[in-house]
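**Q** Dropping a structure here in structure tokens format, bear with me for questions.
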Amino acid sequence: KAGVTQTPRYLIKTRGQQVTLSCSPISGHRSVSWYQQTPGQGLQFLFEYFSETQRNKGNFPGRFSGRQFSNSRSEMNVSTLELGDSALYLCASSLAGMGEYGYTFGSGTRLTVV
Amino acid sequence: DQQVKQNSPSLSVQEGRISILNCDYTNSMFDYFLWYKKYPAEGPTFLISISSIKDKNEDGRFTVFLNKSAKHLSLHIVPSQPGDSAVYFCAASAETAAGNKLTFGGGTRVLVKP
């Protein structure tokens, strides 16, 4: 059974540009969440999508947005990139909600903003 | 406002001995607590969880203890193995009408010495 797949694995962008990251959840999983990991702030929740609807959002500026498609695949977009957006972006999926097995994470996309 | 805290940034233990990782939380609405293990450049891997209605959960070498009155949980790894060397994150979740999200602690880096 394939795990959570994130593409690309690595990305270098210039300040001011925009970027789109992709996440394919485990087959059958309908909930997809995004997290940002930085050395200073640790792992922080960005947003969660379920059945194409955003149902939870973390404390990030509006430059961070996402969407989920009918096949549960999700994309995350960051516009007007800032140096501080350099981070490991992690996608996680689950069947419906959290539950006792938590979420299954992908390997992440390492974004570097120069 | 750090709702989940891991006060020990690092832990060094001899192979075969017990590793004890600690985590404190402030939000009494959390209903699931999870431990994840993370290697560099990879996503977190789910280890074990505990519901807020329990005080202990075991899975092989891993045992999680929850003390609700103290708002404290711990992860015991017995016996510790070199392959356990990684960063361990404590996370908590509160089910709400807006869905779920994981709130992570800052992590504890574990080094198991042969």
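Taken in order, these protein sequences are the chains called D and V. Residue 101 in the numbering used here sits at position 101 of the first sequence; the count goes up by one each step and never skips. Residue 1022 in the numbering used here sits at position 22 of the second sequence; the count goes up by one each step and never skips. Note that the Cβ used here is the ideal one computed from N, Cα and C, for glycine as well.
Suppose contacts are defined by Cβ-Cβ distances below 8 Å. Is D:Pro8 in contact with D:Thr104 by that definition?
**A** For the purposes of this step, residue 8 of chain D is identified with residue 8 of the first sequence, where counting begins at 1. For the purposes of this step, residue 104 of chain D is identified with residue 104 of the first sequence, where counting begins at 1. No. Outside cutoff.
**Q** Quick one: is D:Asp85 buried, meaning 16 or more other Cβ sit within 10 Å of its Cβ, or exposed?
**A** Your numbering for residue 85 of chain D matches position 85 in the first sequence. Buried: at least 16 other Cβ atoms inside 10 Å.
**Q** For a contact defined as C-beta to C-beta under 9 Å, what are the partners of V:Asn1027 on chain B?
**A** The chain inventory of the structure shown lacks chain B, comprising the protein chains D and V.
**Q** With distances taken from CA atoms, which of V:Ala1041, V:Lys1054, V:Glu1015, V:Phe1104 is nearest V:Asn1007?
**A** Start at 1 with the first residue of the second sequence, and residue 1007 of chain V comes out as number 7. Of V:Ala1041, V:Lys1054, V:Glu1015, V:Phe1104, the residue nearest in Cα terms is V:Phe1104.
**Q** To which residues of the same chain is V:Ala1086 closer than 7 Å at the C-beta, ignoring the five residues directly before and after it?
**A** Taking the first residue of the second sequence as 1, we reach residue 1086 of chain V at position 86. Excluding sequence neighbours, V:Ala1086 sits near Lys1037, Lys1038, Tyr1039, Val1110.
**Q** For V:Lys1113 and V:Ser1010, I'd like the C-alpha separation in whole angstroms.
**A** Within the second sequence, the letter at position 113 stands for residue 1113 of chain V. Within the second sequence, the letter at position 10 stands for residue 1010 of chain V. Distance between the alpha carbons of V:Lys1113 and V:Ser1010 is about 13 Å.
**Q** Could you tell me the alpha carbon to alpha carbon distance between D:Gly28 and D:Gly3, rounded to whole angstroms?
**A** As a first step, residue 28 of chain D must be located in the first sequence, where it is residue number 28. As a first step, residue 3 of chain D must be located in the first sequence, where it is residue number 3. Their Cα atoms are separated by approximately 11 Å.
**Q** Which partner residues does V:Phe1089 have in the DSSP bridge list?
**A** Counting from one through the second sequence, the residue named residue 1089 of chain V turns up at place 89. Answer by DSSP bridge pairing, in chain order: V:Tyr1036.
**Q** Within its chain, find whatever has a CB closer than 6 Å to the CB of V:Ser1093; leave out the 5 residues flanking it on each side and keep chain order.
**A** In the second sequence, the residue the question calls residue 1093 of chain V occupies position 93. Excluding sequence neighbours, V:Ser1093 sits near Tyr1032, Asn1100, Leu1102.
**Q** Count the other CB atoms, across all protein chains shown, that sit within 10 Å of the CB of D:Phe47; report buried if there are 16 or more and exposed otherwise.
**A** Counting from 1 along the first sequence, the entry for residue 47 of chain D is found at position 47. With 16 or more Cβ atoms within 10 Å of its Cβ, D:Phe47 is classed as buried.
**Q** Counting C-beta neighbours from all protein chains within 10 Å, is the total for D:Ala87 16 or more, i.e. buried, or is it exposed?
**A** Taking the first residue of the first sequence as 1, we reach residue 87 of chain D at position 87. D:Ala87 comes out buried.
**Q** For a minimum of 3 consecutive residues, which ranges assigned as the beta strand (DSSP E) are wholly contained in the segment 41-106 of chain D?
**A** Within the segment 41-106 of chain D, the complete beta strand (DSSP E) runs of at least 3 residues are 42-50, 53-57, 64-68, 74-78, 87-94.
**Q** Less than 8 Å between the CB atoms is what I'm expecting for V:Thr1063 and V:His1076, so what's the real figure, rounded?
**A** Translated into positions along the second sequence, residue 1063 of chain V becomes position 63. Translated into positions along the second sequence, residue 1076 of chain V becomes position 76. With 8 Å as the limit, V:Thr1063 and V:His1076 qualify as a contact, their Cβ atoms being about 5 Å apart.
**Q** State buried or exposed for D:Leu83, treating a residue as buried only when at least 16 other CB atoms are found within 10 Å of its CB.
**A** In the first sequence, counting from the first residue as 1, residue 83 of chain D sits at position 83. With fewer than 16 other Cβ atoms within 10 Å, it is exposed.
**Q** Counting only Cβ-Cβ distances shorter than 8 Å, please list the residues of the segment 1031-1046 of chain V near chain D, keeping chain order.
**A** Listed by position along the chain: Tyr1032, Leu1034, Tyr1036, Ala1041, Glu1042, Gly1043, Pro1044, Thr1045, Phe1046.
**Q** According to the Cβ coordinates, are V:Asp1059 and V:Leu1066 closer than 8 Å?
**A** The residue given as residue 1059 of chain V occupies position 59 in the second sequence. The residue given as residue 1066 of chain V occupies position 66 in the second sequence. Not in contact: V:Asp1059 and V:Leu1066 (Cβ atoms no closer than 8 Å).
**Q** Could you give the C-beta distance for D:Tyr49 and D:Gly66, rounded to a whole number, given that I count them as a contact under 8 Å?
**A** Counting from 1 along the first sequence, the entry for residue 49 of chain D is found at position 49. Counting from 1 along the first sequence, the entry for residue 66 of chain D is found at position 66. Indeed they touch by this definition, with Cβ atoms about 6 Å apart.
**Q** Mind pulling the chain V residues with CB within less than 9 Å of D:Phe105?
**A** For the purposes of this step, residue 105 of chain D is identified with residue 105 of the first sequence, where counting begins at 1. Simply Tyr1036, Lys1038, Glu1042, Gly1043, Pro1044, Thr1045, Phe1046.
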